[in-house]
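Working notes for the structure below.
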Amino acid sequence: MVNEIHFLREKLDQQFTGVFEENLIDEIVKTGYLKHIDAGDLLVDIGDEMTHIPLIIKGLVKVIREDQNEEELLLYYLEKGDSCAISYVNCIHHSQSMFRAIADIDTECIMVPVNKIEEWLIKYETWRVFIIDSYHNRLLELVDTIESLAFLKLDERLYKYLKEQVNVTHNKILTITHHEIAQDLHTSRVVISRILKILENKGQIKLGRNRIKVKA
DNA sequence: ACATTAAGTGATT
DNA sequence: AATCACTTAATGT
């Protein structure tokens with residue numbers, strides 16, 4: 296038990312020192328628990344009632360919106376040091392999640408219980424700033440994806456998507472299928488294959504099975 | 001060897 | 001840009 300607490304504190308210090316004050320880190324360690332999500336597993340599903348807020352310690356979480364036909368659209372990614380402010384509001388209002396959050400790779404997060412959220416908002420300046428910044432960041436990312444949807448042609452959107460994947464995975468060689476890309480961008484596999492081929496002919500990428508190399 | 005999944009492509013809307 | 005229909009290529013059992 297004591298070991299686990301030290302372990303949690305270590306993880307928190309790695310990601311959130313300078314962000315959270317000491318007393319707050321103490322409280323997070325006391326009331327939160329560590330959760331491991333394997334690649335491909337769900338952190339939150341559409342319709343879930345939120346009881347905890349995730350603070351991402353390591354890994355990568357993909358946040359998705361789904362329509363009635365089970366067709367998806369990628370909204371944004373959460374990385375280490377991030378949280379999802381949308382879930383704060385869900386917690387406070389006991390409303391259901393509109394989004395699905397899937398671990399892209401093995402991910403660890405600290406789950407913080409709802410009842411602490413509001414308490415800390417009043418008690419800790421750093422928590423207040425963190426929550427508001429988090430909300431702001433999610434909003435900026437959403438605006439960015441809306442802009443892409445509205446203003447970019449699919450080929451530009453796809454190339455932007457590939458560059459984002461490189462950033463987020465820290466790897467120029469993406470392990471991904473055309474089908475998966477099509478789902479994220481809410482289009483069909485055939486269309487993606489075609490545009491990728493054009494990008495390859497232009498020398499911007501190199502294609503392989505389950506593999507796309509993005510050239511600098 | 002056979003089945004399954006990923007990717008490439010022409011033709012049509 | 002989407003859909004259909006079909007082919008080819010790679011991978012799993």
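If you count the first sequence from 1, you need to add 295 to reach our numbering. We put the CB at the ideal spot given by N, CA and C, even for glycine.
Which of the three DSSP states is assigned to tyrosine 372 in this structure?
strand
Leucine 449 vs isoleucine 490 beta-carbon contact at 8 Å
Cβ distance < 8 Å, so leucine 449 and isoleucine 490 count as in contact.
Across which residues does DSSP place methionine 393 in a beta bridge pair?
The partner list for methionine 393 (beta bridge, DSSP) is empty, contrary to what the question assumes.
Take isoleucine 400 and list the residues in its own chain whose beta-carbon comes closer than 6 Å to its own, dropping the five residues that flank it on each side.
Short of 6 Å from the beta carbon of isoleucine 400, and not among the five residues preceding or following it, lie these beta carbons of its own chain, in chain order: Ala334, Gly354 and Leu355.
Would you tell me roughly how many angstroms separate the C-alpha atoms of leucine 319 and histidine 481, rounded to the nearest one?
41 Å
Endpoints, the alpha helix (DSSP H) within which arginine 506 is located
No alpha helix (DSSP H) contains arginine 506, which is instead part of the beta strand (DSSP E) from 506–509.
Take serine 378 as the anchor and find which of Leu502, Val314 and Asp321 has the nearest alpha-carbon.
The shortest Cα separation from serine 378 among Leu502, Val314 and Asp321 belongs to Val314.
Return the first residue and the last residue of the beta strand (DSSP E) that threonine 402 is part of.
402–408
Using the DSSP secondary-structure output, state which residues sit across from serine 378 in a beta bridge.
In the DSSP secondary-structure assignment, serine 378 is bridged to Leu350.
Residue span of the alpha helix (DSSP H) that contains valine 324, given as start and end:
Valine 324 -> alpha helix (DSSP H) spans 317–326.
First and last residue of the uninterrupted beta strand (DSSP E) at isoleucine 500:
Following the DSSP letters along the chain, one finds isoleucine 500 inside the beta strand (DSSP E) bounded by residues 500–503.
In whole angstroms, what is the alpha-carbon distance linking aspartate 340 and threonine 470?
Taking the straight line from one Cα to the other gives about 24 Å.
Relative to the C-alpha of threonine 421, which candidate in Glu305, His301 and Ile323 has its C-alpha closest?
Ile323
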